[in-house]
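Following: one structure in structure tokens, then a few remarks.
There are 2 protein chains.
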Amino acid sequence: MKRKDDKKVTQIFQAALRLVAEKGLSGVTMGDISREAGIATGTLYVYFKGKDELINALFAACRENSVQVSFKGYNPQIPFKPAFKNIWLNILRYKLQHFEEVIFMEQCYHSPFITNDTREKALQLSAPFYALMERGQKEQLIKQADVGLLLTFIIGAMNELVKQTHYSSITLNRSKINTAFDLCWDALKA
Amino acid sequence: MKRKDDKKVTQIFQAALRLVAEKGLSGVTMGDISREAGIATGTLYVYFKGKDELINALFAACRENSVQVSFKGYNPQIPFKPAFKNIWLNILRYKLQHFEEVIFMEQCYHSPFITNDTREKALQLSAPFYALMERGQKEQLIKQADVGLLLTFIIGAMNELVKQTHYSSITLNRSKINTAFDLCWDALKA
DNA sequence: CTTTAAAATGAATATATATTCGCTTATATT
DNA sequence: AATATAAGCGAATATATATTCATTTTAAAG
């Protein structure tokens with residue numbers, strides 16, 4: 007017997023991401039995805055029950071990936087500011103390299119495709135970020151404001167930065183990245 | 007003879023905004039819009055050539071509105087920081103009160119509906135914001151970084167703040183708003 | 001009050017898209 | 001090597017959606 011091919015799921019995801027980033031969620035059909043992935047339309051239905059399931063699975067996969075990558079190299083022994091900068095850079099790098107995911111996630115959030123269940127699970131993955139900010143507050147390094155507010159501020163600014171970078175084809179060199187981090191840090195610091 | 011009804015355009019726009027904010031751009035049909043607006047589907051085509059034209063017109067209208075409102079009460083005589091805060095609050099208030107527009111604009115940006123021409127025109131309306139930041143730099147009050155970067159940071163953070171506020175049904179009281187402004191100002195200040 | 005031209009209608013049509021299904025092909029297992 | 005079983009296919013089908021159009025309603029103009 008033949009087995010399902012893990013690589014094919016990756017192909018399908020990549021195709022969907024590319025297309026959504028290019029045309030928006032509303033402009034992408036199952037036919038488009040299969041063509042871009044280099045497989046038959048029917049094959050999509052071997053891997054996913056339908057469009058809804060495909061989109062939800064991709065959403066969940068993107069979210070997990072991005073959280074995973076964020077804390078790479080994190081060690082509570084390291085002083086807060088460099089540890090925070092490391093995470094901030096991890097996220098920024100990830101988003102720049104996976105721009106399509108940024109757009110995809112944004113487009114999905116307000117769409118009939120994503121189920122509440124999927125949304126819930128994505129939210130739960132944010133816990134480590136809350137914990138990080140609380141550490142910074144305990145050490146009196148960052149403002150004693152609502153942690154959700156602080157995170158919102160940082161993530162919103164970064165997302166917009168990533169989007170603008172792609173729209174305007176500005177290259178985000180090391181100097182600009184450091185400036186952006188300084189804006190972020192100056193905003194947070196107590 | 008009968009005349010076209012300006013109020014009807016507003017109804018159509020409001021209906022489209024409500025629906026897109028609720029279901030996302032991909033989940034909204036011309037039938038949905040006409041039903042929500044309380045008119046027949048055919049009537050939509052009296053006012054707009056088709057879905058594309060409707061979406062582009064709404065996008066342009068939203069953008070114009072929001073820029074218009076931002077500078078309400080601006081006067082170059084007023085010192086920079088309070089003038090800036092006034093504009094920042096104008097934008098925040100507008101976005102909170104017109105949440106649907108925030109979602110609609112975001113969903114539109116990466117979609118096949120919006121034409122390059124529409125996108126261009128929207129961009130041109132940003133000129134006054136660039137000028138404002140340059141004033142702040144001349145007066146040595148804010149960082150001498152790329153103005154685009156500074157604006158990106160502010161707007162991104164604010165958009166996310168507005169979205170999070172709605173998702174989590176947190177009420178953004180005066181104290182939280184001031185905290186958010188302080189984050190923003192501390193990020194910018196020289 | 002009548003005329004007239006355009007708005008308004010919504011069922012009918014055209015089009016686009018998701019999904020299914022009978023068939024073929026590939027590959028694990030024996 | 002033979003067999004079995006699921007993947008892979010893509011044309012056909014079902015469904016959803018945009019758009020048109022013959023008809024009715026509305027209100028401005030004479």
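Which chain is which? The protein sequence lines are A and B, in order.
The number in our numbering is simply the position in the first sequence, starting from 1, with 6 added.
The number in our numbering is simply the position in the second sequence, starting from 1, with 6 added.
No residue lacks a Cβ here, since even glycine has one placed at the ideal position from N, Cα and C.
Keep in mind the model is a prediction, meaning the values are calculated, not measured.
Counting contacts by CB-CB distance shorter than 8 angstroms, is residue i in contact with chain B?
i: residue 144 (chain A); result: no
i: residue 185 (chain A); result: yes
i: residue 162 (chain A); result: yes
Can you check whether the C-beta of residue i is within less than 8 angstroms of a C-beta belonging to chain A?
i: residue 117 (chain B); result: yes
i: residue 154 (chain B); result: yes
i: residue 50 (chain B); result: no
i: residue 182 (chain B); result: yes
i: residue 109 (chain B); result: yes
i: residue 196 (chain B); result: no
i: residue 43 (chain B); result: no
i: residue 66 (chain B); result: no
Once DSSP output is grouped into helix, strand and coil, what is the label at residue i?
i: residue 78 (chain A); result: coil
i: residue 195 (chain A); result: strand
i: residue 83 (chain B); result: coil
i: residue 54 (chain A); result: coil
i: residue 119 (chain A); result: coil
i: residue 47 (chain A); result: helix
i: residue 32 (chain A); result: helix
i: residue 178 (chain B); result: coil
i: residue 164 (chain A); result: helix
i: residue 24 (chain B); result: helix
i: residue 64 (chain A); result: helix
i: residue 131 (chain A); result: coil
i: residue 9 (chain B); result: coil
i: residue 104 (chain A); result: coil
Residues of chain A with CB under 7 angstroms from residue i, in chain order?
i: residue 101 (chain B); result: Per Cβ cutoff of 7 angstroms: no residues; residue 101 (chain B) is ~12 angstroms from chain A at best.
i: residue 113 (chain B); result: 113 and 116
Suppose contacts are defined by Cβ-Cβ distances below 8 angstroms. Is residue i in contact with residue j by that definition?
i: residue 32 (chain A); j: residue 31 (chain B); result: yes
i: residue 27 (chain A); j: residue 110 (chain A); result: yes
i: residue 190 (chain A); j: residue 161 (chain A); result: no
i: residue 42 (chain A); j: residue 67 (chain A); result: no
i: residue 178 (chain A); j: residue 95 (chain A); result: no
i: residue 155 (chain A); j: residue 193 (chain B); result: no
i: residue 169 (chain A); j: residue 108 (chain A); result: yes
i: residue 166 (chain A); j: residue 158 (chain B); result: yes
i: residue 196 (chain A); j: residue 148 (chain A); result: yes
i: residue 106 (chain A); j: residue 9 (chain A); result: no
i: residue 36 (chain B); j: residue 49 (chain B); result: no
i: residue 14 (chain A); j: residue 39 (chain A); result: no
i: residue 142 (chain A); j: residue 77 (chain A); result: no
i: residue 131 (chain B); j: residue 180 (chain B); result: no
i: residue 153 (chain B); j: residue 140 (chain B); result: yes
i: residue 176 (chain B); j: residue 98 (chain B); result: no
In chain B, what lies closer than 7 angstroms to residue i by C-beta?
i: residue 158 (chain A); result: 166, 167 and 170
What does residue i pair with, by DSSP beta-bridge criteria?
i: residue 148 (chain B); result: B:195
Could you tell me which chain A residues have their CB closer than 9 angstroms to the CB of residue i, listed as they occur along the chain?
i: residue 190 (chain B); result: 159 and 193
i: residue 151 (chain B); result: 182, 185, 186, 188 and 189
Since residue i meets chain B, which of its residues come closer than 9 angstroms, beta carbon to beta carbon?
i: residue 32 (chain A); result: 30, 31, 32, 33, 34, 113, 117, 118 and 119
i: residue 37 (chain A); result: Residues of chain B passing the Cβ test: none, with the nearest at roughly 15 angstroms.
Any chance the CB of residue i is under 7 angstroms from a heavy atom of the ligand HEM?
i: residue 63 (chain A); result: With respect to the ligand HEM, the structure shown offers nothing to examine, as it has no ligands at all.
What does residue i touch in chain A if you count any residue whose Cβ is under 8 angstroms from its own?
i: residue 27 (chain B); result: 116
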